[in-house]
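Reading through the structure tokens given below for one structure.
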Amino acid sequence: MWGNRQRYHVLLYDHEELEEEYAVWWPERASEPVSPRRLWILVPGGMSDGDSVAGYFDELLQSGVIDKANEDWCLFHNAGTGGAEWRKQTYAGLSDPAFLLDYLKRLGAYSDEDTKHECPYREIVILGFSVGGMLTLATADKIFNAKVYHAKPEEALQKPTLLAGRAQSASLSKDVHCSVKDGPQRSSGERVSRRCTKEGHACRLRFVSVHSPDHLRNTFEAMTKWSWFARLDIPLALHFWAVNLRNRLIFKCPEGRLLPWPPTWSYIRHITEVAWAQNQVLKKQATGASACQGQLQMPFEHFEGDFSLQLRATLPAGEVLRIQNPEDPVVDRSTLDPNCLRKCDVWWFREGGHVMCFGASPKLACRLRKWVEHPPVVM
Numbered sequence: 001m002w003g004n005r006q007r008y009h010v011l012l013y014d015h016e017e018l019e020e021e022y023a024v025w026w027p028e029r030a031s032e033p034v035s036p037r038r039l040w041i042l043v044p045g046g047m048s049d050g051d052s053v054a055g056y057f058d059e060l061l062q063s064g065v066i067d068k069a070n071e072d073w074c075l076f077h078n079a080g081t082g083g084a085e086w087r088k089q090t091y092a093g094l095s096d097p098a099f100l101l102d103y104l105k106r107l108g109a110y111s112d113e114d115t116k117h118e119c120p121y122r123e124i125v126i127l128g129f130s131v132g133g134m135l136t137l138a139t140a141d142k143i144f145n146a147k148v149y150h151a152k153p154e155e156a157l158q159k160p161t162l163l164a165g166r167a168q169s170a171s172l173s174k175d176v177h178c179s180v181k182d183g184p185q186r187s188s189g190e191r192v193s194r195r196c197t198k199e200g201h202a203c204r205l206r207f208v209s210v211h212s213p214d215h216l217r218n219t220f221e222a223m224t225k226w227s228w229f230a231r232l233d234i235p236l237a238l239h240f241w242a243v244n245l246r247n248r249l250i251f252k253c254p255e256g257r258l259l260p261w262p263p264t265w266s267y268i269r270h271i272t273e274v275a276w277a278q279n280q281v282l283k284k285q286a287t288g289a290s291a292c293q294g295q296l297q298m299p300f301e302h303f304e305g306d307f308s309l310q311l312r313a314t315l316p317a318g319e320v321l322r323i324q325n326p327e328d329p330v331v332d333r334s335t336l337d338p339n340c341l342r343k344c345d346v347w348w349f350r351e352g353g354h355v356m357c358f359g360a361s362p363k364l365a366c367r368l369r370k371w372v373e374h375p376p377v378v379m
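Residue numbers (my numbering): 1 to 379.
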């Protein structure tokens, strides 16, 4: 069924400020490009974990969108997924770009500080699927619309380092169950470290979102109105539970239900509310204050901005692209935010259901490759 799937090495990174880890997967390759000019950072959907590399990523890699002989690619997993575990916190919004921005800084592709870095790549394309696409667009908004955030990010101009990357091995045949050890990096990790010691360049950042929602609650609430045989929130809730069982989030939230019942959007909502409240408790305890989770718990609507796309201004065409399916079985078109659609270049393609578009539409793959190689001229 699965065939010869791509195998990966896993590096775990610590976000210095948030003190949580996230995972980046680098592919095992028989041969590597000598001096690749482009890196693809692929971002999986929000309900995904170590097994997220199957299916739609394989289709993308086989479609010709990425020139695997001459370009690098890796898979970015947000906090608590892809082999990473929760340590001091219990909550991160699915549209919060903090961890992805941290990795771009490590590569030398982005900086919001006075220190400048150089990147070993001339261009980095961040391509996110589903909720990973929402995170991708939120990251683009943070960078391109920096003035709205009262920030002044600068393109990287100095040599980067990978800091405390830790290596593991992973296969697409199963989730990652890793025994992580500090020490020298191996294989793909060594390759990246060596590149980062070379003379760097100013790096161009570009962003592509594939079949992403704009508002997580609206997307799931739309599913609850479907017939029981079509309730896609049920398998997503079960997968959500499995991911949080593996990363031990469920055990860090005393008020959370250990078993996914009912296995619907209501369970996802419940665990997210409990995780947010527990995170508030941990923050207060870190300052020496006492806190009770029951007193701090809030409804999902209170913090749903962390799970929705909010574009502050129009994103530049040629740098940011959005691909949507008007007949997406998961992200109903009626749940998309017209304001967000107006602020981004959008391609509408009907093929491929949800996130399986590159295998279903060679035309789309060719068009995206052309977009990457020959960006449209914006007058």
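The beta carbon of each residue, even a glycine, is placed where N, CA and C say it ideally should be.
Residue i versus residue j: straight-line alpha-carbon distance, rounded
i	j	result
H177	R29	Caution is warranted here: a pLDDT of 33 is assigned to H177, below 50, making its placement in the model unreliable, and no coordinate value can be reported.
Q285	N70	50 angstroms
Q89	I126	26 angstroms
Y56	T136	17 angstroms
G294	T287	19 angstroms
Y8	I41	14 angstroms
A164	E21	Model confidence at A164 stands at a pLDDT of 36, short of 50, so the residue's coordinates are unreliable; what they give is reported in the following sentence. Approximately 11 angstroms between the Cα atoms of the pair.
L321	D141	12 angstroms
A23	S63	25 angstroms
S209	D345	10 angstroms
T272	Q310	20 angstroms
H211	E32	30 angstroms
G359	Y103	29 angstroms
L364	N218	28 angstroms
R238	P260	Looking at the sequence shown, residue 238 is not Arg but Leu. For L238 and P260, the distance between alpha carbons rounds to 7 angstroms.
M298	H270	10 angstroms
M356	A289	48 angstroms
L61	F76	15 angstroms
For residue i, the residue or residues it bridges with in DSSP
i	result
L42	L75, L127
R204	E123
H215	S308
Reduced DSSP category for residue i - H, G, I as helix; E, B as strand; rest coil
i	result
T224	coil
H270	helix
A27	Sequence inspection shows Pro at residue 27; the Ala mentioned does not correspond to that position. P27: strand per DSSP, three-state reduction.
L282	helix
L334	This sequence places Ser at residue 334; Leu is not what is there. Residue state, collapsed to three classes: helix.
E255	coil
E301	helix
V34	coil
V346	strand
R322	strand
V243	helix
L12	strand
V372	helix
Residue of the options minimising C-alpha distance to residue i
i	options	result
R204	D14, S111, G83	S111
P36	D67, S227, Q62	D67
A291	M298, H302, A277	A277
K225	L39, D332, P260, C253	D332
T264	E273, S130, C253, M223	M223
S334	F220, A79, C74	F220
E304	E118, P44, L94	L94
Report task. Please specify which runs of the alpha helix (DSSP H), each continuous and at least 4 residues long, are wholly inside the stretch 59-143, giving them in chain order. Result -> 98-107
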